[in-house]
Amino acid sequence: MTRGFYRGYLALLAALILFSLSPLAALGGLVVVFMIVIPVGIMLEGLGLLQKGSAFDGQLTTLLWGLTAFLVLIALGLAYRAASYHELGDGAKARALTALSATAVTLPVVIYFCYTALQI
1 MTRGFYRGYL ALLAALILFS LSPLAALGGL VVVFMIVIPV GIMLEGLGLL
51 QKGSAFDGQL TTLLWGLTAF LVLIALGLAY RAASYHELGD GAKARALTAL
101 SATAVTLPVV IYFCYTALQI
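For the sequence shown, the positions run 1 to 120 when the numbering used here is used.
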């Protein structure tokens with residue numbers, strides 16, 4: 001990964017976080033609902049585990065916290081690998097793994113802010 005592409009990618013992640021903090025975050029919240037919440041509800045219903053009403057909110061919160069913990073662990077592993085590539089002098093691989101690590105940290109943040117912007 002070149003330095004220019006790396007900087008542009010990090011700027012894109014920063015813009016995504018700023019979008020999730022903007023008044024237009026509800027549009028991103030609709031994407032989160034259609035891409036995450038509805039499929040999770042369908043999956044839980046198919047497995048017979050879906051709880052109705054506000055209990056589904058608790059189930060969804062638990063699943064998203066689990067996803068966040070998993071992504072943070074992945075980000076730590078990727079950052080560790082990036083550091084080892086940096087020590088070996090392979091800057092392109094180090095930048096690529098750092099970008100992936102930043103993505104793994106950014107996703108839960110954007111999902112949270114966009115979903116809470118819907119106020120449901």
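Every residue, glycine too, gets a C-beta built ideally from N, C-alpha and C.
From which residue to which residue does the alpha helix (DSSP H) around residue i run?
i, result
"Gly48", "Note, Gly48: premise wrong, no alpha helix (DSSP H); not H, not E."
"Ser101", "91-117"
Can you tell me which of the three DSSP states residue i falls into?
i, result
"Thr2", "coil"
"Ile17", "helix"
"Leu78", "helix"
"Ser84", "helix"
"Leu63", "helix"
"Gln39", "The sequence as given places Pro at residue 39; Gln does not occur at that position. Three-state DSSP puts Pro39 in a helix."
"Leu71", "helix"
Could you say which of the options lies nearest to residue i if we only look at CA atoms?
i, options, result
"Ala117", "Glu45, Ala96, Ser20", "Ser20"
"Leu76", "Tyr85, Leu13, Thr98, Ala25", "Thr98"
"Val72", "Phe5, Gly4, Ala55, Thr103", "Thr103"
"Tyr112", "Lys93, Leu64, Arg95", "Leu64"
I'd like the list of long-range same chain contacts for residue i, defined as Cβ closer than 7 Å, with 5 residues on each side in sequence excluded.
i, result
"Gln59", "Leu44, Gln51"
"Leu26", "In the sequence under discussion, the amino acid at residue 26 is Ala, which differs from the Leu named in the question. These residues qualify, in order along the chain: Ala117, Leu118."
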